[in-house]
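Residue numbers (my numbering), protein chains in the order written: chain A, 1 to 294; chain B, 1001 to 1346. Glycine included, each C-beta is placed from N, C-alpha and C at the ideal position. First up is the structure itself, then whatever we jot down about it.
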C-alpha cells in the first residue's frame, strides 16, 4: 500500500520572528554582560586554582597529591560517592516511579519532601544527624551500647551525603516519567511481559538519558559536598576527611599548593561533569524531540 | 474465541464509568464500540483486555471466567490509541517483543522470532522496514506495526482503541478497508473503539452504541440506522428530526391536528416523534400531515435542507428535499415522515 504521508521526522526548530529579535547593539551589550560576568566569576577562579596548584612546579604538585592524608581523602570521597550514588539511583527510580505511575495519598507531600534537601542549608542537614546519632543525641546511648559508630565516621558521612544528594535523580526522572505516562508499560504487559521485564526492557530504556544526567549531577554533588559532611565528619585526618574538607584543612595550614592541588582535582571533576552533561544534553535533547514527534 | 461480558459495573473513585453492562461477542466477529467521549467505550475495552478490573460482574473468554486474570494471562492483542510503540526498539524488535519475554520452552529461538516478525511485516504490508525505528515511520505505518506487534502473540482476541483516531482522513479510509481484509484473513475476534459512526457502521459486523456508561443498542449497521431503539441512538447516528406530539386512541396529533400517522400500540399521552430528515413524503394538500413555514433553506451537497417552522409554537424541524424539487421555492411545505418512531415524552 502506498503511504502518502511519510513525514520528515526531524523536529522543526522555529526560528524567531523579526519582531522579537533585539537590535544588534542591544544583543552585543547583553552578550558582553554575560561574558564579562562569567569570566570574572567562573573562569578567573578556575584559572587561579590551576595556577596556584602548579605554582611551585609539577613536581611539588604531584608530591602534594601523593601525600598519605590526601590519598586517603581521595579514597574516602570515592567510597562515599560509590555508596551514595547507587543508593540514590534506587531511591530516585522508586520515588519517580511511585509519583509518576500511580496515584496514592500523600503524593503531593512526597513531592515536596524530595525537594527538602534543596531548600535546607547543608549545615542543618548535618546537624540533624548529630542530633540523631551524636553522643547526646536521640539514638546516641543505644548506638554507644552496641558499639556502633556513625557520627565522625564513614557511615555518618555517607548518610549526610545521601541526604544532600537524593533529589538529583528523582527530580530528573519525575517529569520525564510523568510525560511518558503508562502507555508503553501497558503495551508491554499486554504482550505478556512481567513487571521486571517491563521495567528492564521498556521503562528503563525510556528514561536512560535522564537517569544518566541525574546520576552525573548526583555524583558531582556527592564528591563536592562540604557543609553537611563537615558537620558530621569530625575532620580526622586520614580517616574522615573527604576532599573538600581536606582542601580546607590544607589551606588553613597555609599549604597553598597542597590545597589547590586537591582543589584542582575537584575542579577537574567539575569540568568532566560539565562536558559529559553537555554531551548528554545534546543526545538527550534529540531523544526528547523524537519522543514528542512520536 | 467468544467473549461474554456479564453485568459488569466499573467505578473510578466511586464515580461509575459503566453501569451493569452485558454483551455477547461471537467468535470471529468484528465489533465496534461506538459512542461519544465519556460513554464508557474505552473503559469496556480495557476491562475486556484486563487493563482494568470490574467493580462488579464477570468477563468470560469462552466458558472460562477471565475476570480475575491478569492481562498477561488473558492473551489479548491490544492496539493502543497512540500505538505505544517502544521507541528505542526497531520495528522488528517491537513486533518480536511479546515472544522474547516468554519463559521456558514457549519462547521461540531468536531466529524464529525474527522470522515471525518478518512474516507479520509482510502481512501488514511493511516488508523491509525491520530495522527502522518508530520515529522514522509515518502515522499509518506505526499503526500497522502496532497491529503486527499485537498479532505476534497469537491473541485470542484483538482489541483496538480508536485505531484510526490519530490519522488523516485519506489514510483512515485506506486502513479501514485494510483492517477488514486482515480480519477476514486471520479470523480473530476483534473489538474496536471509535467515536466515528461512519467507521463503525462501515467496518463492523455489529455495532454497540454506548452512552453514559450504558449500552443503548447492539445491532448491525442496518438495525442501528433503520430502527434505532432510543432517542439517543436516533440523535447520535445519522441525522434526525423530532417533534413533540400527543397520542390519543392510537392516533398521533401535532397540536390540534392529526398528522395522519397511526400508533395503535402506543399509550395515550405526550410523546416525541423521531424521523430522518431525508425520509419524508412531500404532500400537496394537507389533511393529516405536518405543515410548516419555510424558515431557512440550505444547499448541502446533493440535497437541499429546509428548516420548517411548525405551528405557532416555534417548533422547528429539518427535512431534506431533492435539489430541484419545487417545494423548496414555496413558503409553506407539507410532509409526512416515511419511517418514524415514537418515544414517550421524557
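Legend entry - Interface flag, residue 178 of chain A vs chain B, CB-CB below 8 Å: Start at 1 with the first residue of the first chain, and residue 178 of chain A comes out as number 178. Not one chain B Cβ lies under 8 Å of residue 178 of chain A.
Inset, instruction - Kindly indicate which three-state DSSP category residue 1011 of chain B falls into: helix, strand or coil? - result: Here residue 1011 of chain B is taken as the residue at index 11 of the second chain, counted from 1. Strand, per DSSP.
Inset, instruction - Reducing DSSP to helix, strand and coil, say where residue 30 of chain A ends up. - result: Looking up residue 30 of chain A in the first chain gives position 30. In this structure, residue 30 of chain A counts as helix in the three-state DSSP scheme.
Legend entry - Length of the line joining the Cα atoms of residue 67 of chain A and residue 76 of chain A: As a working mapping, residue 67 of chain A is identified with position 67 in the first chain. As a working mapping, residue 76 of chain A is identified with position 76 in the first chain. When rounded, the distance between both Cα atoms is 14 Å.
Inset, instruction - Name, in chain order, the residues that DSSP records as bridge partners for residue 259 of chain A. - result: Residue mapping note: residue 259 of chain A aligns to position 259 of the first chain, counting from 1. In the DSSP assignment, no residue is bridged to residue 259 of chain A.
Inset, instruction - Could you please tell me which residues of the region 173-199 of chain A, in chain order, have their CB closer than 8 Å to any CB of chain B? - result: 183, 184, 186, 187, 188, 189, 190, 191, 192, 193, 194 and 197
Inset, instruction - Throw me the rounded Cβ distance for the residue 1156 of chain B and residue 1075 of chain B pair, which I believe falls under 8 Å. - result: Reading the second chain from its first residue, position 156 is the one you call residue 1156 of chain B. Reading the second chain from its first residue, position 75 is the one you call residue 1075 of chain B. About 5 Å separates the beta carbons of residue 1156 of chain B and residue 1075 of chain B, which is inside the 8 Å limit, making them a contact pair.
Legend entry - Cross-chain neighbours of residue 206 of chain A in chain B, by beta carbon under 9 Å: Translated into the one-based positions of the first chain, residue 206 of chain A becomes position 206. Result: 1086, 1087 and 1088.
Legend entry - Proximal chain A residues relative to residue 1049 of chain B, where beta-carbon distance stays under 8 Å: As a position in the second chain, residue 1049 of chain B is number 49, starting the count at 1. For residue 1049 of chain B, the neighbours in chain A by C-beta distance under 8 Å run, in chain order, 190.
Legend entry - Interface flag, residue 1061 of chain B vs chain A, CB-CB below 8 Å: Within the second chain, the letter at position 61 stands for residue 1061 of chain B. Judged by the 8 Å Cβ criterion, residue 1061 of chain B is not in contact with chain A.
Legend entry - Own chain, CB closer than 7 Å to residue 133 of chain A, minus 5 neighbours either side, in chain order: To locate residue 133 of chain A, count along the first chain from 1; it is residue 133. Closer than 7 Å at Cβ, skipping near neighbours: 139, 140, 143, 150, 151 and 156.
Inset, instruction - Can you grab the Cα-Cα spacing for the pair residue 1304 of chain B / residue 1291 of chain B, in whole Å? - result: Position 304 of the second chain, counting from 1, holds the residue named residue 1304 of chain B. Position 291 of the second chain, counting from 1, holds the residue named residue 1291 of chain B. The straight-line gap from Cα to Cα measures roughly 18 Å.
Inset, instruction - Using three-state DSSP, classify residue 162 of chain A as helix, strand or coil. - result: On the first chain, position 162 is the one that residue 162 of chain A refers to. DSSP places residue 162 of chain A in helix when its eight states are reduced to three.
Inset, instruction - Could you name the residues of the same chain whose beta carbon sits closer than 8 Å to that of residue 257 of chain A, not counting the 5 residues immediately before and after it, in chain order? - result: For the purposes of this step, residue 257 of chain A is identified with residue 257 of the first chain, where counting begins at 1. 52, 53, 55, 56, 60, 61 and 64, listed in sequence order.
Inset, instruction - Could you pull the start and end residues of the beta strand (DSSP E) that residue 1290 of chain B belongs to? - result: Walking along the second chain from the start, residue 1290 of chain B turns up at place 290. Segment 1290-1300, the beta strand (DSSP E) holding residue 1290 of chain B.
Inset, instruction - Taking only the alpha-carbon atoms, compute the straight-line gap between residue 46 of chain A and residue 39 of chain A and give it to the nearest angstrom. - result: As a first step, residue 46 of chain A must be located in the first chain, where it is residue number 46. As a first step, residue 39 of chain A must be located in the first chain, where it is residue number 39. Residue 46 of chain A and residue 39 of chain A: Cα-Cα distance of roughly 10 Å.
Inset, instruction - Take residue 1031 of chain B as the anchor and find which of B:1092, B:1217 and B:1136 has the nearest alpha-carbon. - result: Here the question's residue 1031 of chain B lines up with position 31 in the second chain. Residue 1031 of chain B has its Cα closest to that of B:1217, out of B:1092, B:1217 and B:1136.
Inset, instruction - Starting from the Cα of residue 1206 of chain B, find the closest Cα among B:1254, B:1222, B:1237 and B:1341 and give me that residue. - result: Translated into the one-based positions of the second chain, residue 1206 of chain B becomes position 206. Residue B:1222 is the option with its Cα nearest to residue 1206 of chain B.
Inset, instruction - State whether the region 111-127 of chain A contacts the region 190-207 of chain A, with contact taken as three or more CB pairs (one from each stretch) at a distance under 8 Å. - result: no
Inset, instruction - Could you tell me whether the Cβ atoms of residue 1091 of chain B and residue 1139 of chain B are closer together than 8 Å? - result: Here residue 1091 of chain B refers to the residue found at position 91 when the second chain is read from its first residue. Here residue 1139 of chain B refers to the residue found at position 139 when the second chain is read from its first residue. Against a cut-off of 8 Å, the Cβ pair of residue 1139 of chain B and residue 1091 of chain B comes out as no contact.
Legend entry - Beta carbon proximity, residue 1176 of chain B to chain A, threshold 8 Å: Translated into positions along the second chain, residue 1176 of chain B becomes position 176. The beta carbon of residue 1176 of chain B does not come within 8 Å of any beta carbon belonging to chain A, so the residue lies off that interface.
Inset, instruction - May I have the straight-line CA-CA distance separating residue 1100 of chain B from residue 1113 of chain B, to the nearest angstrom? - result: Here residue 1100 of chain B is taken as the residue at index 100 of the second chain, counted from 1. Here residue 1113 of chain B is taken as the residue at index 113 of the second chain, counted from 1. Taking the straight line from one Cα to the other gives about 7 Å.
Inset, instruction - Classify residue 291 of chain A as helix, strand or coil using the three-state DSSP reduction. - result: What you label residue 291 of chain A is simply residue 291 of the first chain in a count that begins at 1. Bear in mind that the predicted position of residue 291 of chain A carries a pLDDT of just 45, short of 50, making it too unreliable to give a figure here.
Legend entry - Secondary structure, alpha helix (DSSP H): runs of 4+ residues fully inside the region 1018-1086 of chain B: 1041-1049 and 1071-1074
Inset, instruction - Please say whether residue 1164 of chain B and residue 1199 of chain B have beta carbons closer to each other than 8 Å? - result: In the second chain, residue 1199 of chain B corresponds to position 199, counting from 1. In the second chain, residue 1164 of chain B corresponds to position 164, counting from 1. For residue 1199 of chain B and residue 1164 of chain B, yes; Cβs fall inside 8 Å.
Inset, instruction - Between the Cα of residue 1060 of chain B and those of B:1008, B:1145 and B:1123, spot the shortest distance and give me the residue it belongs to. - result: By 1-based counting over the second chain, the position of residue 1060 of chain B is 60. The shortest C-alpha separation from residue 1060 of chain B is found at B:1008.
Inset, instruction - List the residues of chain B whose Cβ lies closer than 9 Å to the Cβ of residue 123 of chain A, in chain order. - result: In the first chain, the residue the question calls residue 123 of chain A occupies position 123. Going along chain B, no residue has its Cβ under 9 Å from residue 123 of chain A, so there is no contact; the nearest lies around 43 Å.
Inset, instruction - Give every residue of the same chain whose Cβ lies closer than 8 Å to the Cβ of residue 245 of chain A, excluding the five residues on either side of it in the sequence, and list them in chain order. - result: Position 245 of the first chain, counted from the first residue, corresponds to residue 245 of chain A. Excluding sequence neighbours, residue 245 of chain A sits near 73, 226, 229, 230, 233 and 235.
Inset, instruction - Please confirm whether residue 1208 of chain B and residue 1023 of chain B have their CB atoms less than 8 Å apart. - result: Residue 1208 of chain B sits at position 208 when you count from the first residue of the second chain. Residue 1023 of chain B sits at position 23 when you count from the first residue of the second chain. In this structure, residue 1023 of chain B lies closer than 8 Å to residue 1208 of chain B by Cβ.
Inset, instruction - Can you say whether residue 1176 of chain B is buried or exposed, counting buried as having 16 or more other CB atoms within 10 angstroms of its CB? - result: In the second chain, the residue the question calls residue 1176 of chain B occupies position 176. It counts as buried.
Legend entry - residue 1063 of chain B to residue 1055 of chain B span [Cα, whole Å]: On the second chain, position 63 is the one that residue 1063 of chain B refers to. On the second chain, position 55 is the one that residue 1055 of chain B refers to. So the two alpha carbons sit approximately 21 Å from each other.
Legend entry - Amino acids of chain B, ordered along the chain, whose beta-carbon sits closer than 7 Å to that of residue 202 of chain A: Reading the first chain from its first residue, position 202 is the one you call residue 202 of chain A. Near residue 202 of chain A (Cβ distances below 7 Å), the residues of chain B are 1086.
Legend entry - Delimiting residues of the alpha helix (DSSP H) encompassing residue 1222 of chain B: The count along the second chain starts at 1 and reaches residue 1222 of chain B at position 222. Per DSSP, residue 1222 of chain B belongs to the alpha helix (DSSP H) from 1221-1226.
Inset, instruction - Pick helix, strand or coil for residue 380 of chain A, following the three-state DSSP scheme. - result: Nothing can be reported for residue 380 of chain A, as the shown portion of chain A is limited to 1 through 294.
Inset, instruction - Confirm, please, whether the CB-CB distance from residue 108 of chain A to residue 165 of chain A is below 8 Å. - result: Mapped onto the first chain, residue 165 of chain A falls at position 165. Mapped onto the first chain, residue 108 of chain A falls at position 108. Not in contact: residue 165 of chain A and residue 108 of chain A (Cβ atoms no closer than 8 Å).
Legend entry - Identity of the residue in B:1051, B:1239, B:1069 and B:1179 nearest residue 1125 of chain B by Cα: To locate residue 1125 of chain B, count along the second chain from 1; it is residue 125. The residue with the shortest Cα to Cα distance from residue 1125 of chain B is B:1179.
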